[in-house]
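Protein chains in written order, with UniProt numbering: chain A, 1 to 231; chain B, 1 to 231. Note that the Cβ used here is the ideal one computed from N, Cα and C, for glycine as well. In this text, all values refer to a predicted model and were calculated from it rather than measured experimentally. Working notes, structure below.
Number of protein chains: 2
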Amino acid sequence: MSRILYDLAGADPARRFSPFCWRIRMALAHKGLPVETIPWRFTEKEKIAFSGQGLVPVLVDHGHVLHESWDIACWLEARYPDRPSLFGGPAGQAATRFLNSWADSALHPWIARLVVRDILDVIRQEDKGYFRESREKRFGTTLEEWVAERDRLVVEFRKALQPVRLTLRAQPWLAGAAPGYADYIVFGAFQWARCTSPFRLLEEGDPVFAWRARVMELFGGLARDALGYEV
Amino acid sequence: MSRILYDLAGADPARRFSPFCWRIRMALAHKGLPVETIPWRFTEKEKIAFSGQGLVPVLVDHGHVLHESWDIACWLEARYPDRPSLFGGPAGQAATRFLNSWADSALHPWIARLVVRDILDVIRQEDKGYFRESREKRFGTTLEEWVAERDRLVVEFRKALQPVRLTLRAQPWLAGAAPGYADYIVFGAFQWARCTSPFRLLEEGDPVFAWRARVMELFGGLARDALGYEV
Numbered sequence: 001m002s003r004i005l006y007d008l009a010g011a012d013p014a015r016r017f018s019p020f021c022w023r024i025r026m027a028l029a030h031k032g033l034p035v036e037t038i039p040w041r042f043t044e045k046e047k048i049a050f051s052g053q054g055l056v057p058v059l060v061d062h063g064h065v066l067h068e069s070w071d072i073a074c075w076l077e078a079r080y081p082d083r084p085s086l087f088g089g090p091a092g093q094a095a096t097r098f099l100n101s102w103a104d105s106a107l108h109p110w111i112a113r114l115v116v117r118d119i120l121d122v123i124r125q126e127d128k129g130y131f132r133e134s135r136e137k138r139f140g141t142t143l144e145e146w147v148a149e150r151d152r153l154v155v156e157f158r159k160a161l162q163p164v165r166l167t168l169r170a171q172p173w174l175a176g177a178a179p180g181y182a183d184y185i186v187f188g189a190f191q192w193a194r195c196t197s198p199f200r201l202l203e204e205g206d207p208v209f210a211w212r213a214r215v216m217e218l219f220g221g222l223a224r225d226a227l228g229y230e231v
Numbered sequence: 001m002s003r004i005l006y007d008l009a010g011a012d013p014a015r016r017f018s019p020f021c022w023r024i025r026m027a028l029a030h031k032g033l034p035v036e037t038i039p040w041r042f043t044e045k046e047k048i049a050f051s052g053q054g055l056v057p058v059l060v061d062h063g064h065v066l067h068e069s070w071d072i073a074c075w076l077e078a079r080y081p082d083r084p085s086l087f088g089g090p091a092g093q094a095a096t097r098f099l100n101s102w103a104d105s106a107l108h109p110w111i112a113r114l115v116v117r118d119i120l121d122v123i124r125q126e127d128k129g130y131f132r133e134s135r136e137k138r139f140g141t142t143l144e145e146w147v148a149e150r151d152r153l154v155v156e157f158r159k160a161l162q163p164v165r166l167t168l169r170a171q172p173w174l175a176g177a178a179p180g181y182a183d184y185i186v187f188g189a190f191q192w193a194r195c196t197s198p199f200r201l202l203e204e205g206d207p208v209f210a211w212r213a214r215v216m217e218l219f220g221g222l223a224r225d226a227l228g229y230e231v
């Protein structure tokens, strides 16, 4: 296959849990573009060194080497204009940039706060040292301390989802009348949690829960069938 | 004039400080639609009772009575399609809905936390009782207590602006290559503060500060020239 995605995996190669890789998995499925995914682990920097940096997703599309999920999505949109649009045009793309920024700077830190310790349990033994050290340096505390108050914090987290909730009260998808990249951005964060942690982020009565369930069913249940927890 | 906007005002009728009204003032200017604004105070519910509710903005456009800033913006976009677009199309409109939800549920509570006590000083004597009572009920504490820690909290507020900052690193306006309703939504919140409080929300080196300055210059300095503080 001439389209390859390096995709963050756990000890079990079927466990794919990067929120950024999930954005691109969903984006490729949205465009109907088949892809071969290669399980990649945190410490395998040399395997993606050809991309000039050390983070996934890395997509190699007919020889084009791409990284950074936002840049990959924009590239796919420009390269495959005849396929279903991810953004619905330049204005949709520009406005989705804000949602992408919100996910990166507000949503992801929240989810890390709730589930990051659990990630340690699903990655390879040889990656655990790197993961613990790099994350503890970032958070300034141990992984255990970082998630210690999660039963209390999850209530605050659910309040922080209010922008998503209000949007979904007004329209069925974050992208509008049909799903689009805006949905995959936010969904990626939930899928990251779902594929690594049994901790329950959402209450069943929450419109965000119902929306997440609908995203999981897209593309023949691509996200639903991924190895993860029933939460 | 056949286009009238009921616009929240302070004791000085020139002081217009509703974030939601500013969204619409800017949207009307964007579309090049002249408007007569009528200063309106919190307790003058009867003056807008014809709209079927008690909040501004209320826009009367050639006999069409409109309220709710988002609904007004969408109506203007649909009613005046030949004028410059606020959203750049349906996908832009849908994606901007998330930004609108974020402003309402995350940005506005932050700004209220920092400046709401100062609003008391700029409204009419006869409105102060209503304002204090309704807001203290909402916040569950006195206005003075609510803003007491603002010198410490403003540091957290600036971090909460990171989605705006990241977006502005990637593109000149929140709406993309040119200003649009996405910008007016966020700007309205800053103008609300600027028109009521001398408290400094933004540091001068912040890209958000530079963006706000650029929005203030739009439409011949419509927002710049409004009665407010130099912050």
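Gly54 of chain A and Phe199 of chain B have their C-alpha atoms some 43 Å from each other. For Trp40 of chain B, the pairing in a beta bridge is given by DSSP as B:Leu8. The closest CA to that of Asp151 of chain B, considering only B:Ala175, B:Leu201, B:Val186, is found on B:Leu201.
Taking all protein chains in view, the Cβ of Phe50 of chain B is surrounded by fewer than 16 other Cβ atoms within 10 Å, so the residue is classified as exposed. Contact with chain A is absent for Ala213 of chain B, since none of that chain's Cβ atoms lies less than 9 Å from the residue's Cβ. The alpha carbon of His62 of chain A has as its nearest neighbour, out of A:Ala95, A:Asp121, A:Thr43, A:Leu5, the alpha carbon of A:Leu5.
Residue pairing of Leu66 of chain A in beta bridges, as defined by DSSP: A:Leu59.
Interface flag for Pro19 of chain B against chain A is unset, since no Cβ pair is found closer than 9 Å.
The residue from A:Ala160, A:Ala112, A:Cys195, A:Thr141 with its alpha-carbon nearest to that of Pro13 of chain A is A:Cys195. Taking a beta-carbon distance threshold of 9 Å, Gln162 of chain A counts as an interface residue toward chain B.
Of the residues B:Arg25, B:Gly10, B:Arg3, B:Ala9, the one whose Cα lies closest to the Cα of Gly221 of chain B is B:Arg25.
For the pair Ala95 of chain B and Ala91 of chain A, the CB atoms are nearer than the 9 Å cut-off.
The continuous alpha helix (DSSP H) containing Val164 of chain B extends over residues 162-170.
Counting along the chain, Gly221 of chain B sits inside the alpha helix (DSSP H) bounded by residues 207-221.
Interface annotation for the region 83-107 of chain B against chain A: Ser85, Phe87, Gly88, Gly89, Pro90, Ala91, Gly92, Gln93, Ala94, Ala95, Thr96, Arg97, Phe98, Leu99, Asn100, Ser101, Trp102, Ala103, Asp104, Ser105, Ala106, criterion Cβ-Cβ distance under 9 Å. Taken in chain order, the members of the UniProt domain "GST N-terminal" (8-84) of chain A whose beta-carbon sits within less than 9 Å of a beta-carbon on chain B are Trp70.
Per the C-alpha coordinates, the member of A:Ser101, A:Val208, A:Arg97, A:Pro84 positioned closest to Val164 of chain A is A:Val208. Sorting A:Arg169, A:Val231, A:His67, A:Leu166 by C-alpha distance to the C-alpha of Ser197 of chain A places A:Val231 at the top.
If you draw a straight line from the Cα of Pro84 of chain A to the Cα of Lys31 of chain A, it comes to about 5 Å. For the pair Val186 of chain A and His67 of chain A, the Cα-to-Cα distance works out to about 19 Å. In this structure, DSSP gives Gly176 of chain B an extended state, which the three-state scheme calls strand. Straight across, the Cα-Cα distance linking Asp118 of chain B with Ser134 of chain B is about 15 Å. With the criterion set as a beta carbon lying under 7 Å from some beta carbon of chain A, the region 132-148 of chain B has no members that meet it. If you look at Gly228 of chain B, you'll find it isn't in any alpha helix (DSSP H); DSSP assigns it neither H nor E.
Taking Pro19 of chain A as the centre and dropping the five residues before and after it, the same chain places the C-beta of Gly188, Ala189, Trp192 closer than 6 Å to its C-beta, in chain order.
Contact between Arg79 of chain A and Glu36 of chain A does not hold, since the beta-carbon distance rounds to 18 Å and is not under 8 Å. Put simply, the backbone Cα of Leu153 of chain A is about 8 Å away from that of Leu114 of chain A. A Cβ of chain A is located within less than 9 Å of the beta carbon of Gln171 of chain B. Taken atom to atom, the span from the alpha-carbon of Arg224 of chain A to that of Glu217 of chain A is near 6 Å.
When the five nearest sequence neighbours on each side are left out, the beta carbons in the same chain lying within less than 6 Å of the beta carbon of Ala182 of chain A are those of Thr96, Leu99, Leu174, Ala175, in order along the chain.
The beta carbons of Asp127 of chain B and Phe42 of chain B sit closer together than 9 Å. Per DSSP, the beta bridge partners of Arg16 of chain A are A:Ala9.
Residue range 90-102 is occupied by the alpha helix (DSSP H) that includes Leu99 of chain A. Boundaries of the alpha helix (DSSP H) harbouring Ile119 of chain B: 108-119, taken from the DSSP string. For Arg3 of chain B, the three-state secondary structure derived from DSSP is strand. Just measuring C-alpha positions, the residue of A:Gln171, A:Val56, A:Val122 sitting nearest Glu44 of chain A is A:Val56.
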